[in-house]
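First the structure, in the form of structure tokens, and then the observations on it.
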Amino acid sequence: DQHFIKLVHRELVRALGGEPVTLDLNGPSPLVVMLVGLNGAGKTTTIAKLARHLRDDRGRRPYLVPADVYRPAAIEQLTTLARDLGVPVHPTQPGGDPVAIARDGVAAATTAGTDVVLLDTAGRQTVDDELMRELERMVEAVRPKHVLLVADAMTGQDAVATAQGFAGRLPVSGVVLTKIEGDARGGAALSLRAVTGKPILFVGTGEKVNALEPF
């Protein structure tokens, strides 16, 4: 039985990519990292966690841009989290044009002397064409170094449809798997890796801003 477990473990590691992958931060400053995903996946809290990680563990100066203009609560939440962390945040107004906000946010980050822009985006209950067109325009406008798909570990096999929807239209470069501390056992990780072909970079392990771990 130990040999069988060893074989299964080896194949799981192989299926999930074999080696840990670090978020590549090489490139002209400010580097843009855009987070995408469905409503409720945890994009906004993940941005705050990522900001803390980049500042404390990677020595970077992040600038947060809330671009989910359809949910004023999301803008307020990210602004509050940024204030608590002590990192700058773009003064986004609800109802504005998310593409213009993204472009202005990158310009403001340059002026502020920061070197990584973390861009929050709108979600939907399901992947729809209107959302994808908006995200495609944002990618065109700010040319992000990374587009990270934020996915809820609790979604199970629904993660396949989500991953296909986003990775089919956007240059997804990695995955952040949230709520891994739940009882879902992380089976979505296998699906996300297989469908996108991209590495899982981080896992969210709780609500606090330090609850983000490299995968």
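Just so it is clear: in the sequence shown, position 92 is 117 by the numbering used here, and no numbers are missing. In this text, a Cβ means the ideal position worked out from N, Cα and C, and glycines have one as well. These numbers were taken from a predicted model, which means no experiment stands behind them.
Own chain, CB closer than 8 Å to residue i, minus 5 neighbours either side, in chain order
i, result
"A219", "A40"
"G207", "A178, M179"
"A107", "A73, A76, L89, P113, V114"
"G138", "R86"
"Q182", "G212, A213, S216"
Any non-hydrogen atom of the ligand GDP closer than 8 Å to residue i Cβ
i, result
"K204", "The ligand GDP is not part of this structure, which contains no ligands at all."
Those residues which DSSP pairs with residue i across a bridge
i, result
"G205", "Checking the sequence, you will find Ile at residue 205 rather than Gly. In DSSP, I205 forms no bridge with anything."
"A176", "L202"
"I72", "None; I72 has no bridge partner."
"G229", "L237"
"V142", "V57, Y88"
"H171", "V58"
Close-in-space but distant-in-sequence residues of the same chain around residue i (CB under 6 Å, 5 per side omitted)
i, result
"T104", "V114"
"G211", "A178, I205"
"R85", "L79, D140, V141"
"R162", "V124"
"T221", "A188, A192, V197"
"G42", "P224"
"Y95", "A147"
Cα-Cα separation between residue i and residue j, rounded to whole angstroms
i, j, result
"V175", "V234", "16 Å"
"V38", "H28", "15 Å"
"E101", "L32", "48 Å"
"L50", "P97", "30 Å"
"G65", "V57", "23 Å"
"T70", "G111", "15 Å"
"P119", "A99", "10 Å"
"L11", "D26", "Residue 11 is absent from the structure shown; the chain starts at 26 and stops at 240."
"V201", "V185", "14 Å"
"E159", "I30", "45 Å"
"D81", "M59", "20 Å"
"T136", "P224", "32 Å"
"A133", "H34", "47 Å"
"V61", "L173", "6 Å"
"P116", "E36", "47 Å"
Residues near residue i by beta carbon distance below 7 Å, same chain, minus five either side
i, result
"G52", "K170"
"R128", "A166, V167"
"G231", "E206"
"V131", "P55, V57, V142, V167"
"P45", "P239, F240"
"G67", "V175, D177, T203, K204, G229"
Exercise. If you pair each beta-carbon of the segment 84–92 with each one of the segment 139–150, do three or more pairs fall below 8 Å?
Worked result: yes
Problem set entry | 3-residue-minimum beta strand (DSSP E) runs that sit fully inside the segment 100–135, ordered along the chain | none
For this session: Decide yes or no for the touch test of the segment 161–172 against the segment 121–135: beta carbon pairs closer than 8 Å, at least 3 of them.
Result: yes
Exercise. Any contact of the segment 186–202 with the segment 152–162, i.e. 3+ C-beta pairs under 8 Å?
Worked result: yes
Problem set entry | Within the segment 33–102, ranges of the alpha helix (DSSP H) (whole runs, at least 4 residues) | 68–81
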